[in-house]
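Here the structure comes first, spelled out in structure tokens, and everything after it is commentary.
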Amino acid sequence: MLWIALHFPVLSLELFSRGAAAPAPLAVFEKQGNRSLIVACNASAADCSVQVGMALSAAQALADGLIVRARDAAAESESLSGIAAWAGRFTPSVSIQPPHGLLLEVASCLRLHRGLARLLHQVRAGLDEMGYSFTMACAPTAHGAWLLALSGARTVSGREVAIRELAELEKILDQLPVGLLAQPPDVLSGLEMVGAHTVGDCLRLPRAGMARRFGQALLDELDRARGALPEAREFFVPPAEFARSLELPATVHEAGALQFAACRLLPELEGYLSLRQAGVQECDLVCSHEAVRAGAVAPTVVKLGFAKPTRDLARMQLLLRETLARTHLSAPVYAIALHARRILPLDGANGDIFQEGGEAEDGSLLLERLRIRLGKEAVFGITPHADHRPERAWRRCEAGAAGSPLRDLPRPLWLLARPVPCREGRLVLKSGPERIESGWWDGRDAVRDYYVAQDGQGARLWVYCDRINGEWFIHGLFA
Amino acid sequence: MGASLEALLQHPGIWRGDRLAQTEADTLPSGFPELDEQLPGGGWPRGALTEILLAREGIGELRLLLPALARASQGIGWLAWVAPPHLPYAPALGAAGVRLEHLLVAQPKSAGDAWWTAEQALRSGACSAVLAWLQSPDERRMRRLQLGAETGRAFSVLFRSAAAAGERSPAALRLQLEPTPQGLAVHILKRRGGRLERPVPIDLSRPAAAQPATARLTWPAQLSLVSQKAIEAA
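For the record, the sequence lines run as chains D and L.
According to the working numbering, the residues represented by the first sequence are 560 to 1038, in order.
According to the working numbering, the residues represented by the second sequence are 72 to 305, in order.
Below, the structure written as structure tokens:
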């Protein structure tokens, strides 16, 4: 077993700040008794001397224009499941370590990601893209990795600690302070009082005495961290539907500016889809307006439609950008939410030695781009339809879904949208007639004799004589 | 010495004024041998813009392209029709051997959107052929279209009115069509390798030309090298 532990120390803050590129002074407070205390603040708030543990009113007095938000524990755990869903792209074994941690079991998928170093790099890059700060560690036991991530320990070269051997892990664990252990405060202070400041100190104490004095739970935790006791972890199960929201730190007036915030959510969707082995065909970006709080304006829903199910992040970003560029916001937006509407099963993509698959992918990408700009009804395919009446012998269809032709009859390449009365010029009939008599049952009766004709300027026309009133019409061009 | 000079002159980058351009033969046979003979590389160019000028619709401009379109549709890309003046009629195209599932018709509402669509289709590399009917061309738009064609390597045709014959154009191949009793007279106004004074007569009534080509399998470069060696060894 090999575990990657991720700890998100300022999740409560980033919940609100990651929707914007430039950080404004921001602090999160929590009500404790009848006092409101700051529990987290960002760097630009800290520059104004705002500190964690300070009273809310004091912080507001110190920093001009400080944005304050109440801590939202439910949203934090929702964010954590969002990250867990995103981590599903790396391994199916993702476990949540409440309230601010995540554990990934990766021993079984190292080969897929071509080695641990590459995998760690991908995790780092992905979390940066989503705008979360984190500490990371890798160790053979889940709890060991978690303690290392909590400690924020780094190697001499500034990288995260990545240990593959149990013996090596024990050595490093010995140096960690006892304060990191998940024990009640009285146990931790008791350990400090007997002079056990590090995990190593605890282990040097007699086990029987420790169990009597501090409880079996402490010994079990130490054993789990060192791999002496197996640990059963519950793995994350993705929810049936994907819906994630993000509150913007400041209201946004232009649709294009939503791109940054929305791109924070897309990696979560991608990870969620790969965990479900699915692709999305439709998703909605719901933009909530300021006035909605008062119930005045309905939220703007930006629809993203894909030609076929996809979980390709680059494609989702591209379509989102083009769609947002053509979206007009009726009112300022303060929060966005991403809902995946149609989730369909999608197999993993196999590499293709002939590289044909890649080009076919581009094909549907072109289709999506054209549809966004021209509208869905302006881009289509055409398919033959079983009907004798020429104007009904074809149908519009989804591009790429056409059937095969039914009969081989002389037919023109251009069909006029509606037959044009044939008034002027001399036509020479070249061949015909082909009698078509059909449709008496649906009121669009066609009783016609079709001819191929040539006009004075050399064009070949498809003309017919309506046998009911004897009038002549042009219906197509043999272009 | 003479031999090495000959070898040097065979280089595709060198064009002698008295010959048709030796393109790297990325062409699509037109299905009309008499036309292929006059086109550089022996067919319609891929990756360069072809302009077709005609005085009147319906004289056979699509029938001229049909064998090439049928062949192009056997591949995997789209056959894109950008802003066609009428409806491409599915039964006729299907009967001519065009694979309809590769057909993509775009009907943009404005001329600007039509230019954009044509450029996107050309540039994407996802189309094996792009046919476009565009209004109000100018130098910049034409230039962008030609660049798009070079990027996407599609068989790219722009239909224009015969009135544009005197205008400058960045297209690599410009043809003007004129109806004749048998079919068409094709005037080659511009090609790589100089203008052709006399028109090329094309007989459109001959049904053999409309035969669809069988699907051709293309190999990646390395593979074809291996298979060639294997054949030599055998």
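Where a beta carbon is used, it is the ideal one built from N, C-alpha and C, also for glycine.
What do you get for residue i, buried or exposed, if any count of 16 or more other CB atoms within 10 angstroms of its CB means buried?
i: residue 185 of chain L; result: buried
i: residue 887 of chain D; result: exposed
i: residue 1014 of chain D; result: buried
i: residue 1027 of chain D; result: exposed
i: residue 250 of chain L; result: buried
i: residue 680 of chain D; result: exposed
i: residue 567 of chain D; result: buried
i: residue 593 of chain D; result: exposed
i: residue 1035 of chain D; result: buried
i: residue 785 of chain D; result: buried
i: residue 994 of chain D; result: exposed
i: residue 76 of chain L; result: exposed
Quick one: grab the DSSP three-state call for residue i.
i: residue 823 of chain D; result: helix
i: residue 1027 of chain D; result: coil
i: residue 773 of chain D; result: helix
i: residue 625 of chain D; result: coil
i: residue 130 of chain L; result: coil
i: residue 818 of chain D; result: helix
i: residue 102 of chain L; result: coil
i: residue 695 of chain D; result: strand
i: residue 1000 of chain D; result: coil
i: residue 222 of chain L; result: helix
i: residue 232 of chain L; result: strand
i: residue 782 of chain D; result: helix
i: residue 737 of chain D; result: helix
i: residue 618 of chain D; result: helix
i: residue 109 of chain L; result: coil
i: residue 607 of chain D; result: coil
Would you mind stating whether residue i and residue j have Cβ atoms separated by less than 8 Å?
i: residue 561 of chain D; j: residue 586 of chain D; result: no
i: residue 740 of chain D; j: residue 704 of chain D; result: no
i: residue 976 of chain D; j: residue 157 of chain L; result: yes
i: residue 149 of chain L; j: residue 220 of chain L; result: no
i: residue 720 of chain D; j: residue 726 of chain D; result: no
i: residue 991 of chain D; j: residue 967 of chain D; result: no
i: residue 861 of chain D; j: residue 902 of chain D; result: no
i: residue 829 of chain D; j: residue 880 of chain D; result: no
i: residue 996 of chain D; j: residue 1011 of chain D; result: no
i: residue 132 of chain L; j: residue 230 of chain L; result: yes
i: residue 604 of chain D; j: residue 617 of chain D; result: no
i: residue 671 of chain D; j: residue 655 of chain D; result: no
i: residue 259 of chain L; j: residue 267 of chain L; result: yes
i: residue 188 of chain L; j: residue 933 of chain D; result: yes
i: residue 733 of chain D; j: residue 764 of chain D; result: no
i: residue 848 of chain D; j: residue 892 of chain D; result: yes
i: residue 100 of chain L; j: residue 118 of chain L; result: no
i: residue 153 of chain L; j: residue 126 of chain L; result: no
Residue i CB to nearest chain D CB: under 8 Å?
i: residue 193 of chain L; result: no
i: residue 272 of chain L; result: no
i: residue 187 of chain L; result: yes
i: residue 178 of chain L; result: yes
i: residue 105 of chain L; result: no
i: residue 112 of chain L; result: no
i: residue 165 of chain L; result: yes
i: residue 204 of chain L; result: no
i: residue 97 of chain L; result: no
i: residue 197 of chain L; result: yes
i: residue 284 of chain L; result: Note on residue 284 of chain L: pLDDT 39, under 50, position unreliable in the model; the coordinate value appears next. Not one chain D Cβ lies under 8 Å of residue 284 of chain L.
Please report whether the beta-carbon of residue i lies at a distance below 8 Å from any beta-carbon of chain L.
i: residue 941 of chain D; result: yes
i: residue 1037 of chain D; result: yes
i: residue 933 of chain D; result: yes
i: residue 922 of chain D; result: yes
i: residue 1020 of chain D; result: yes
i: residue 951 of chain D; result: no
i: residue 728 of chain D; result: no
i: residue 1011 of chain D; result: no
i: residue 1007 of chain D; result: no
i: residue 938 of chain D; result: yes
i: residue 1016 of chain D; result: yes
i: residue 1023 of chain D; result: no
Beta carbons nearer than 8 Å to chain D: which residues of the segment 122 to 139 of chain L have them? Contact annotation: in the segment 122 to 139 of chain L, residues whose CB is within less than 8 Å of a CB in chain D are 126, 127, 128, 129, 130, 131, 132, 133, 134, 137.
Name the residues in the segment 955 to 980 of chain D whose C-beta lies less than 8 Å from a C-beta of chain L; which are they? Taking 8 Å as the Cβ-Cβ cut-off, the segment 955 to 980 of chain D approaches chain L at 958, 959, 960, 961, 962, 963, 964, 965, 966, 967, 968, 970, 971, 972, 973, 974, 975, 976, given in chain order.
Output, in sequence order along the chain, the residues in the segment 236 to 266 of chain L whose CB is closer than 7 Å to any CB in chain D. Those residues of the segment 236 to 266 of chain L that come within reach of chain D (Cβ to Cβ, closer than 7 Å) are 250.
Near-chain D residues of the segment 139 to 159 of chain L (beta-carbon distance less than 7 Å), N- to C-terminal order: Listed by position along the chain: 147, 148, 149, 157, 158, 159.
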